[in-house]
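Numbered by the working numbering, the letters in the sequence shown go through residues 1 to 413 in order.
Idealized CB from N, CA, C, for every residue including glycine.
Just so it is clear, the structure is predicted and the values come from calculations on it, not from any experiment.
Below is one structure, written out as structure tokens; comments come after it.
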Amino acid sequence: MIPSLRTDFNLRYTDAKYRAFLAELDRRSRTHVEFRVAETPCFFPPELLESMATAGAELTHQLVDNPRYMQLSNAAVPAQWNVPNESRTPLFMTADFGLVENASGGYDPKLVELQAFPSIYGYQAMLSAQYKRSFDLDPSLRYFLNGHTEATYWDLLGRVILNGHAPENVVLLDTVPETQKTLPDFLVTADKLGIRVADIAKLVKQGSKLYYRPEDTLAPANAPALKPGQLIPIHRIYNRAIVDELERNHVALPFDYRDQLDVEWAGHPNWYFRISKFSLPYLDHPTVPKAIFLDQLDARRHELPAVRSRWILKPLYYFAGKGIQFEPTDADLAAVPAHHRHDYLVQERVTFAHTIATPEGLTQAEIRMLYIWPEGEAMQPVMSLVRMGRGLMMGVDHNRDRTWVGGSAGLYL
């Protein structure tokens, strides 16, 4: 979208550089990056990134600062997953935007969704830097936002994840982390911060305390040796476990989320539900397409486009695009049981512009703004994450059989 940079990159691109780039990602993350990585970064005007960063913050404050919404969102947190000692604000926020062409020929952001849950904060910083190195890009190109540098970004991320605790007492927690497609992010984060990656099912609970055994974790590179079998107390959890996956895989947990545990959460689990697809019908902002709970559709159908091809049916709590139906028929809508209809949205579908010029043609870009909100401080945008695609779905799982698509980075001058 910065034509001079776009043209120069395409002219200088080689498959050999791309293969070396992928090999370096694997080396730096100590594992194979399984999802598709795009051949190119995206070059965005800074004012466009700023507009999305501002919009995401405004949308988040519209929810968090609204006592009525906060009261209503209590219903979004399932009773069996309601964790005590919820933080006043979410520690991590993401806002996904697509771009639509406006009347003057420029581009405006439109919200895809919000999620108060950490994204790939470690891997994305590494990926963005590696694009610059592998493809010999202008060293003045930036990818951090809000004035951050590599040093200040990792200092901030370390501060909010560790919160003053010794790294050996902080874990990044997920279910069977070695099998997750986000494993590269886990290991980059572990190496940078010195924390271990733990499987939620292998923790040990004694009284109100949680522990891990060193042999049950993925250790950071050059980690000090810990005696196998010993129980290491956990003081803080960088939470990456997704409740949908725990339920879907019937994971047997060594503790109950409702327990009063002597542990801090870096990213309190309740926020995953409070700010999510559930939030979309409550937002009022130029960037937000119309969204209605399915159980309210009969009374509010007139608020949606008349043409059914511009509708999307979305379940509220499935991750990574699972369960989304485009152009739902009356039969599709009726098939959702009455007691689950409030757990689905019917949303206005926005046609995103094809904006990135590649050798394979123009490609869409979905831009995720990443935020960190330290307790008692201001919410701040720190970086963008880009997913390029040419199909209905933009996630990396949906663009495996194409080229010049997949996970990418947003760079700017």
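Select from the options the residue whose C-alpha is nearest the C-alpha of residue i.
i	options	result
residue 153	411, 386 and 371	371
residue 342	357, 27 and 293	293
residue 189	165, 199 and 157	157
residue 108	352, 360, 262 and 401	352
residue 65	113, 274 and 365	274
residue 408	363, 114 and 376	363
residue 314	305, 299, 303 and 333	333
residue 390	144, 15, 366 and 46	366
residue 132	209, 9, 252 and 305	9
residue 312	113, 169, 7 and 78	113
residue 350	244, 70, 100 and 74	100
residue 70	279, 259, 377 and 348	279
residue 238	42, 380 and 171	171
residue 81	268, 328 and 186	268
residue 405	97, 37 and 78	37
residue 106	346, 45 and 205	45
residue 166	298, 236 and 300	236
residue 48	76, 7, 97 and 77	97
residue 265	361, 117 and 74	117
With a threshold of 16 other CB atoms inside 10 Å of the CB of residue i, please say whether the residue is buried or exposed.
i	result
residue 331	exposed
residue 104	exposed
residue 307	exposed
residue 413	exposed
residue 337	exposed
residue 248	exposed
residue 300	exposed
Excluding five sequence neighbours on each side, which residues of the same chain lie with their C-beta closer than 6 Å to the C-beta of residue i?
i	result
residue 435	Beyond the ends of the chain as shown, which are 1 and 413, falls residue 435; an answer cannot be given.
residue 181	34 and 35
residue 220	190, 191 and 194
residue 18	39
residue 323	315
residue 271	90 and 116
Under the three-state reduction of DSSP, which class applies to residue i: helix, strand or coil?
i	result
residue 243	helix
residue 358	strand
residue 281	helix
residue 52	helix
residue 15	helix
residue 230	coil
residue 215	helix
residue 199	strand
residue 161	helix
residue 24	helix
With C-beta atoms as the reference, is residue i less than 8 Å away from residue j?
i	j	result
residue 127	residue 25	yes
residue 93	residue 356	no
residue 368	residue 384	yes
residue 348	residue 289	yes
Whose C-beta lies closer than 8 Å to the C-beta of residue i among residues of the same chain, with five residues either side of it excluded?
i	result
residue 159	374
residue 228	213, 214 and 215
residue 12	135 and 136
residue 285	55, 58, 59, 62 and 111
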